[in-house]
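**Student:** Chains A, B and C are the protein sequences, given in the same order.
Our numbering puts the first residue of the first sequence at 17, with every later residue one more than the last.
Our numbering puts the first residue of the second sequence at -18, with every later residue one more than the last.
Our numbering puts the first residue of the third sequence at 19, with every later residue one more than the last.
Cβ atoms here follow ideal geometry from the backbone N, Cα and C, with glycine treated the same way.
To start, I am sharing the structure in question, which I have written as structure tokens.
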Amino acid sequence: MRRWKNRIFSGVILAMTILTVLILAFVIYFIVKEALPTFQEVKLTDFLFGQRWMPIAYTGEVSFGIFNFIMATLYVSFVALVIAVFVGLGAAVFLSCVASERMRGILYPFVDLLAGIPSVIYGFIGLAILVKYFIRLGIPTGSCVLAAGILLAVMLLPFLVSSCSETMLKVKEAYLPAAEAMGISKWYAIATIVLPASWKNILMSMILAIGRAMGETMAVMMVMGNANLFPRLLGKSESIASVIALEMGTAVVDSTHYHALYAAGMVLMILLFVINLVIMFLREKIID
Amino acid sequence: MENTLTLHHVSASYDGKAVLEDISLEIPAHGITAIIGPSGCGKSTLLRCMNGMLREEKGTGISGEILLGGQDIQKMEPEQLRRRVGLVFQTPAPFPFSIYRNMTYALRYYGVRDKKELDRQVREKLEMAGLYEEVSQELDKSAHKLSGGQQQRLCIARALTVEPEVLLLDEPCSALDVKSSSVIERMLVQLKERYTIVIVTHNIAQARRISDHVAFLFGGRLVEFGTTAQIFSEPREEQTRDFLEGIYG
Amino acid sequence: MHWKARLVKYWAYLSMGLVTAIILFLFGYVFYQGADTISWEFLTQAPSGAVLGEEGGIWPAIVGSLFFTATAVVLGSIPAVATALYMVFYCKSRRLELLVRMVVQCISGIPSIVLGLFAYSFLVRDLGWGRCILSSGVALAIMILPFIEVRAEKAFHELPAQMVQSSYALGCSRWYTIRKIVLPACKGELVSGIILGGCYAMGATAPMIFTGAVAYAKVPTSLMQPAMALPMHLYLLLAQGVTSMDTAYATAFVMMGLILLSNLLATIYARRSQKKWRIH
């Protein structure tokens, strides 16, 4: 009886783990299955490097080129990362090196609140404040890559802050007492020891953060203007995720348009797999 | 001799790296056998082989034969084996429950439900560990509230609840102060009447005080095995002598 | 003070100040703007008005969101916790461990919109479930699976190894050990991880846009119906423009309130159970 219970439980655990693995396989299979028919109509190079996205032939020929979308996705994620790293790293230094144990206990969950805010609310506040502000600055509709970048940066903050400060806390505890014992001022030690010694882990957090930014849909879609243009900081543009979210509802099932949207999703997914696998192997290396 | 552990050519590895090489050893019944050696020599690994714990860990390989009363332990169900061979770890690891539930944890697993029987067992085993007097009034108190030495004695008493024939102890005193250690040492000497005890220790003086036999391990190999008197007065191997004189630390 | 030292010091204080200001502003802004429109009627009535949602309330969206979230939590947390248990207590091969870890990392990398595409192709179309709570729920469940798995695995790893091994050493099976020791000891982290995962699912829009969330539906009675959801409703209100701004703010208010509450609950729960188990 005892033995049977144990066996059944082990079986359930194993089955659930296999299910987790199968989920990934299923997702990949269905995305690829729906994406492949695209390439019977469109050449892969035209798809990846073409700049014209004309899914329905109102005027002229249909055309499926997602180059601008790819660039917009990368560009807006990069902008977000630059801003987020600037603020997030500073806050991480504060949390790891200034805040007391008790203060950390309060500030960590406080910063984590940012992670709990749904992206649609970020988009909403972006529309209500950032976009209005950019209109006053003279940008036609106020929607632009920079606005999306700022929003995304705020969304990345909790992740960057917690992962960087965790690293820095460990480094600080390992080296700071020795440095202070030699009479070196705390802040000088932070600038010259703690920050440089943490850079590997900070870099990894940055790569992961850019991955998260690339997959984000709603907030970006709501403030970036959604026009198929090559991204400029103060111009409109459209990310891969936005195209899918906006056009999936109108695309006729099994049309080339429909398949092309899956193909765009596949490209995004592959980009993110690469990022996540790179991170995993970097992490294994660093731990070893 | 019954109830004895016999090892034939036992080797073990972690992630392909050999930790134990070709160890053959007979543990005499109803006595205390101490396994000594410098840190990293494979003492703990050897102990973990003896009740099949090593098999459960990630990346481990094990070969050779270990007999418990003539029976190959590889062929025994882990449950059966561990009822007969108990193991106590270096750092006291009481479960996060009350003292009473710590003591009845395994009994309940083996289907003992009768309250009177449970009470009797708890009392008997706690008395064996010399802990009953100290805690009899607070059996429902969390085990984590006990001192380190008391926690370790609780763990030993807990290991005894399944009535093992052999009790393995992995440096049971290394996390404790001198006074708690000597309490545990006295208790072990009393317990050897009923159980076969194998203790890993880095404390040579402790081995000398309580053990009847000593096995000296070095670099994953068994260098020498003999009675305590022989090992300490006239070791046969040079490595043993060097170690006892404190050369390897 | 050396210039480098001074620079880093100002930078740290300034950044933390900025982060604090952003958080206070975000919550303050939404609560301030939304407070006027919030009323008992708003919470308990269905949306109405010439442009839907301009007037009336959000009751069906609240219930719908709870349906979506509950489905995702149930479907997501079971394999997540099981996988974490497997990784820590069952898997004996390092290669297998690496494989499963890689899979979880990859799932966490799938963008939520792509999960929507997957659910549409597989569940809505191929399995013929149509647009319904269950279809979206599966997509959301996959989204929160790695989130919960990582937290659960961390909690299991932090248990003192010798405590678990002591149980094995007594001959107790894995099942008994997990049920009597591991799960009770990690309850706090598990429950808080699952609550936070639920928050994450409740706020997500992308996976449900074309798989189960709709502009208007009655309060759902089964998982095979489409339903309204708070984030989707908010998005649609915004798309309608100026006239629904008030109800949009109020909807955001409700969402932020729910999330703040659950976060608080999760944190308190985790801390309280930690106190019970961890202090020596």
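Between A288/C and chain A, is there a C-beta pair that is closer than 7 Å?
**Tutor:** No - not a single Cβ of chain A is within 7 Å of the one on A288/C.
**Student:** Taking CB distances under 7 Å as the criterion, tell me whether T205/C reaches chain B.
**Tutor:** In the sequence on display, residue 205/C carries Lys and not Thr. For K205/C, the answer is no, since every Cβ of chain B falls outside 7 Å of its Cβ.
**Student:** Name, please, each residue of chain E whose Cβ falls closer than 7 Å to the Cβ of P153/B.
**Tutor:** Checking the listed chains, one finds no chain E in this structure; the protein chains it contains are A, B and C.
**Student:** Should T209/B be labelled buried (16 or more other beta-carbon atoms within 10 Å of its own) or exposed?
**Tutor:** Classification for T209/B: buried.
**Student:** Give a yes or no on whether the minimum CB-CB distance between L114/C and chain A is below 7 Å.
**Tutor:** By this cut-off, L114/C is not an interface position.
**Student:** Check for me: the alpha helix (DSSP H) holding T89/A runs from which residue to which?
**Tutor:** Run containing T89/A: F83 to V109, per the alpha helix (DSSP H) assignment.
**Student:** Name the one or two DSSP bridge partners that Q52/B has.
**Tutor:** According to DSSP, which records beta bridges pairwise, Q52/B is partnered with L49/B.
**Student:** So, at 8 Å on beta carbons, what are the nonlocal neighbours of L277/A in its own chain, with the 5 sequence-adjacent residues on each side left out?
**Tutor:** Result list for L277/A: V259, I260, E263, M264 and A267, in chain order.
**Student:** Please compile the residues from chain A whose C-beta is within a distance smaller than 8 Å of the C-beta of M120/C.
**Tutor:** Those are L293 and M296, listed as they occur along chain A.
**Student:** Quick check on H298/C: does DSSP put it in helix, strand or coil?
**Tutor:** Bear in mind that the predicted position of H298/C carries a pLDDT of just 42, short of 50, making it too unreliable to give a figure here.
**Student:** For S126/C, which residues in chain A fall below 8 Å Cβ to Cβ?
**Tutor:** Neighbours of S126/C on chain A, chain order: N292.
**Student:** Among V48/C, G94/C and L135/C, whose alpha-carbon lies nearest the alpha-carbon of V136/A?
**Tutor:** The option with the nearest alpha carbon to V136/A is V48/C.
**Student:** I'd like to know whether the C-beta of S201/A is nearer than 7 Å to at least one C-beta of chain C.
**Tutor:** It does: the Cβ of S201/A has a partner Cβ on chain C nearer than 7 Å.
**Student:** Quick one: list the residues of chain C neighbouring L68/B, beta-carbon separation under 7 Å, in chain order.
**Tutor:** Within 7 Å Cβ-Cβ: A187.
**Student:** Using a C-beta to C-beta distance shorter than 9 Å, which residues of chain A count as neighbours of R192/C?
**Tutor:** Residues of chain A passing the Cβ test: N22, F25, S26 and I29.
**Student:** Quick one: is the Cβ of V43/A within less than 6 Å of any heavy atom of the ligand FMN?
**Tutor:** As presented, the structure is devoid of all ligands, the ligand FMN included, so that no description of it is given.
**Student:** Within a Cβ cutoff of 6 Å, which residues of the same chain sit near I160/C, ignoring the five residues on either side of it in sequence?
**Tutor:** Around I160/C: L133.
**Student:** Could you tell me whether the Cβ of T72/B comes closer than 7 Å to any Cβ of chain C?
**Tutor:** Output row for T72/B: interface = yes.
**Student:** Note down the Cα distance separating R89/B from T55/C, rounded to an integer number of angstroms.
**Tutor:** Each residue's Cα considered, the two are about 58 Å apart.
**Student:** Since I believe L163/C is in contact with T36/A (beta carbons under 8 Å), could you give me their beta-carbon distance rounded to a whole number of angstroms?
**Tutor:** Yes, they are in contact, since the Cβ atoms of T36/A and L163/C sit about 7 Å apart, within 8 Å.
**Student:** Can you check which of these residues, S191/C, S291/C and H175/C, is closest to M17/A by C-alpha distance?
**Tutor:** Among S191/C, S291/C and H175/C, the Cα nearest to that of M17/A belongs to S191/C.
**Student:** Write down every uninterrupted run of the beta strand (DSSP E) in the stretch 115 to 183 of chain A whose length is 3 residues or greater and which is fully enclosed by it, in chain order.
**Tutor:** Listed in chain order, there is nothing to give.
**Student:** Kindly indicate the opening and closing residues of the beta strand (DSSP E) around R202/B.
**Tutor:** Start and end: R202 to T208.
**Student:** Answer yes or no: do E226/B and V204/B have a C-beta to C-beta separation smaller than 7 Å?
**Tutor:** No, Cβ-Cβ distance for E226/B and V204/B is not below 7 Å.
**Student:** State the DSSP-derived secondary structure class of P65/C, mapped to helix, strand or coil.
**Tutor:** Note: P65/C maps to strand in three-state DSSP.
**Student:** Since S181/A and A280/A are thought to touch, with beta carbons under 8 Å apart, how far apart are those beta carbons, to the nearest angstrom?
**Tutor:** Wrong, their Cβ atoms sit about 36 Å apart, outside the cutoff.
**Student:** Would a check of beta-carbon distances place W77/C closer than 7 Å to chain A?
**Tutor:** By this cut-off, W77/C is not an interface position.
**Student:** In whole angstroms, what is the alpha-carbon distance linking H125/B and M181/C?
**Tutor:** H125/B and M181/C: Cα-Cα distance of roughly 12 Å.
**Student:** CB-CB under 6 Å to L185/A, same chain, minus the five flanking residues each way: which ones, in chain order?
**Tutor:** Closer than 6 Å at Cβ, skipping near neighbours: S112.
**Student:** Pull up the DSSP beta-bridge partners for K41/B, would you.
**Tutor:** The amino acid occupying residue 41/B in the given sequence is Thr; Lys does not appear at that position. For T41/B, which the question treats as bridged, DSSP gives the partners Y(-5)/B.
**Student:** Can you give me the C-alpha to C-alpha distance between A110/B and E60/B, rounded to a whole angstrom?
**Tutor:** Roughly 24 Å separates the two Cα atoms.
**Student:** Among the residues of its own chain, which have a CB less than 7 Å from the CB of M87/A, if the five just before and after it don't count?
**Tutor:** Excluding sequence neighbours, M87/A sits near F246 and P247.
**Student:** Under a three-way DSSP split, which group does G265/A fall into?
**Tutor:** Three-state DSSP puts G265/A in coil, outside helix and strand.
**Student:** Distance cutoff 7 Å, beta carbons only. Does Y50/C sit that close to anything in chain A?
**Tutor:** Judged by the 7 Å Cβ criterion, Y50/C is not in contact with chain A.
**Student:** Can you check whether the C-beta of V159/B is within less than 7 Å of a C-beta belonging to chain C?
**Tutor:** It does not: the Cβ of V159/B has no partner Cβ on chain C nearer than 7 Å.
**Student:** DSSP has T(-13)/B in a bridge; who is on the other side?
**Tutor:** E7/B and L48/B, per the DSSP bridge assignment.
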